[in-house]
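Here the structure comes first, spelled out in structure tokens, and everything after it is commentary.
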Amino acid sequence: MTQPLRNLSSNVTILSRTISSGVDFSDYQLRKDLYDHIKTIVHQLRSDANVTCPPLVVIYYAIRNILEPTLLKNQILDLLTLLAHVNVARKHTISATKNVLNWNTVYKTWPKENVRTLSRADQELLEGFVYESVGLQSTYRDVVHACFKLDIYHTFVSGASNEAWLNLLKIYFPHQFEGFCAQAVKQGAAEISASCLFHYDLSEEEHKSNDDVGMQCALFASNASCYLESPAEYCKQLGVSPESTFEELFPRPSEDALRVLVYLYLAKVEEIVNTLESMFGNNRER
5 MTQPLRNLSS
15 NVTILSRTIS
25 SGVDFSDYQL
35 RKDLYDHIKT
45 IVHQLRSDAN
55 VTCPPLVVIY
65 YAIRNILEPT
75 LLKNQILDLL
85 TLLAHVNVAR
95 KHTISATKNV
105 LNWNTVYKTW
115 PKENVRTLSR
125 ADQELLEGFV
135 YESVGLQSTY
145 RDVVHACFKL
155 DIYHTFVSGA
165 SNEAWLNLLK
175 IYFPHQFEGF
185 CAQAVKQGAA
195 EISASCLFHY
205 DLSEEEHKSN
215 DDVGMQCALF
225 ASNASCYLES
235 PAEYCKQLGV
245 SPESTFEELF
255 PRPSEDALRV
265 LVYLYLAKVE
275 EIVNTLESMF
285 GNNRER
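So the sequence shown is residues 5 to 290, counted in the working numbering.
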């Protein structure tokens, strides 16, 4: 791995095989070697004006590097950005799949010489990917919301200033909490939405779901603040034992559950992308 390979394709292939074989993320030297290898890939990408996004395998590794061996909580915003890149690529792939199926229908109806149509098995496989795309988008949004909740919870309990978690509310729910004038985030709601890829291309239903999660996060911060100000009084108003701890009243969002959900999502995206590449080839510039 320490010797540079000749082209982008070879570098991406060796990275993909290394990650697929299993990476011990507690092995510092291995992670350093992988980092150096990825730097080579990124350097090659920067020299290619036709390439605007790194190969998905590079993004997959970056995501895993944040999640393992333990979640790097100060990089949850980076994690969200990386996942958003994957989701944009997934949507593009599904759009291309729909086009393939449409043209397949055309050429099956009006056959043309030298044009090969899909086998029944391949057609059903691609139709399955399209059918599952709505559910996979829902899984992605579940991951995003889990990241929002975990980041706000961690920031709040870490002893950071009120400004820190208010800023997160403004970043994650820009239109909902635009009135909170936290100083560290000076952009308006529209500018924040445009600069954060995880706010891109949301449906009306997804905006509503995002607002629901925003209210949950704001309610947590409000209630948790009341508890910290007067634990006994808060417990009395809630009707619970005055001995109740913060963790009992405000359970920490599960990092393990988030990790499982992320890997479930990534595995399905990888299956779709790999299937299409095996059927139609990879047109990435070498």
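The beta carbon of each residue, even a glycine, is placed where N, CA and C say it ideally should be.
Between residue i and the rest of its own chain, which residues show a CB-CB distance below 8 Å, the 5 nearest in sequence each way excluded?
i: Asp-155; result: Lys-77, Ile-80, Leu-81, Leu-172, Tyr-176
i: Leu-270; result: Tyr-64, Ile-67, Val-90
i: Ala-188; result: Bear in mind that the predicted position of Ala-188 carries a pLDDT of just 45, short of 50, making it too unreliable to give a figure here.
i: Asp-3; result: No answer is possible for residue 3: the residues shown for the chain start at 5 and end at 290.
i: Leu-140; result: Arg-94, Tyr-269, Lys-272, Val-273
i: Val-119; result: Tyr-111
i: Phe-203; result: Just to set this straight, residue 203 is His in the shown sequence, not Phe. The residues are Pro-178, Ile-196, Ser-197.
i: Leu-232; result: Phe-250
Measure from the alpha carbon of residue i to the alpha carbon of each residue in the options, then state which is nearest.
i: Cys-230; options: Met-219, Leu-242, Gln-220; result: Leu-242
i: Glu-259; options: His-211, Cys-151, Leu-232; result: Cys-151
i: Leu-262; options: Thr-143, Gly-285, Lys-212; result: Thr-143
i: Leu-206; options: Leu-75, Glu-275, Leu-86, Val-92; result: Val-92
i: Leu-280; options: Thr-74, Leu-129, Val-119, Thr-109; result: Leu-129
i: Phe-254; options: Leu-86, Val-264, Gly-139, Gln-220; result: Gln-220
i: Ser-123; options: Val-244, Val-104, Glu-247, Glu-275; result: Val-104
i: Glu-251; options: Ala-228, Glu-233, Leu-86; result: Ala-228
i: Phe-224; options: Ser-199, Trp-114, Lys-153, Val-138; result: Lys-153
i: Val-361; options: Leu-86, Thr-74, Pro-73; result: This structure does not reach residue 361, given that the chain is present from 5 up to 290, and the question cannot be answered.
i: Ser-213; options: Ser-99, Val-147, Lys-116; result: Val-147
i: Phe-160; options: Ala-222, Glu-275, Ser-234; result: Ala-222
i: Glu-131; options: Ser-199, Asn-106, Glu-208; result: Asn-106
Closer than 7 Å by C-beta to residue i: which residues in its own chain qualify, once you throw out the five before and the five after it? Chain order, please.
i: Val-277; result: Leu-60, Thr-97
i: Asn-166; result: none
i: Ala-186; result: Because the pLDDT at Ala-186 is just 49, under 50, the model does not fix this residue reliably, and the point stays unresolved.
i: Gln-180; result: Asp-215, Gly-218
i: Glu-210; result: Arg-145
i: Ser-245; result: Cys-239
i: Gly-285; result: none
i: Ser-137; result: Ile-98
i: His-149; result: Val-217
For the alpha helix (DSSP H) containing residue i, list its first residue and its last residue.
i: Val-266; result: 259-284
i: Pro-235; result: 235-242
i: Ala-168; result: 166-176
i: Leu-130; result: 124-161
i: Val-119; result: No alpha helix (DSSP H) contains Val-119, which DSSP labels as neither H nor E.
i: Glu-195; result: 193-199
i: Arg-256; result: Here Arg-256 belongs to no alpha helix (DSSP H), and DSSP marks it neither H nor E.
i: Trp-114; result: Run containing Trp-114: none; DSSP gives neither H nor E here.
i: Tyr-204; result: From DSSP, Tyr-204 is part of no alpha helix (DSSP H); its letter is neither H nor E.
i: Leu-2; result: Outside the displayed span of the chain (5 to 290) sits residue 2, for which this structure offers no information.
Please confirm whether residue i and residue j have their CB atoms less than 7 Å apart.
i: Ala-111; j: Thr-101; result: What sits at residue 111 in the sequence shown is Tyr, not Ala. Contact flag unset, no.
i: Pro-257; j: Tyr-135; result: no
i: Pro-178; j: Ser-162; result: no
i: Arg-94; j: Val-273; result: yes
i: Ala-88; j: Leu-268; result: no
i: Leu-83; j: Ile-70; result: yes
In chain order, what residues of the same chain lie with their CB nearer than 6 Å to the CB of residue i, ignoring the 5 residues before and after it?
i: Glu-237; result: none
i: Asn-305; result: As shown, the chain starts at 5 and ends at 290. That puts residue 305 outside it, with no answer to give.
i: Leu-75; result: Glu-259
i: Ser-248; result: Cys-239
i: Phe-133; result: Thr-101, Ile-276
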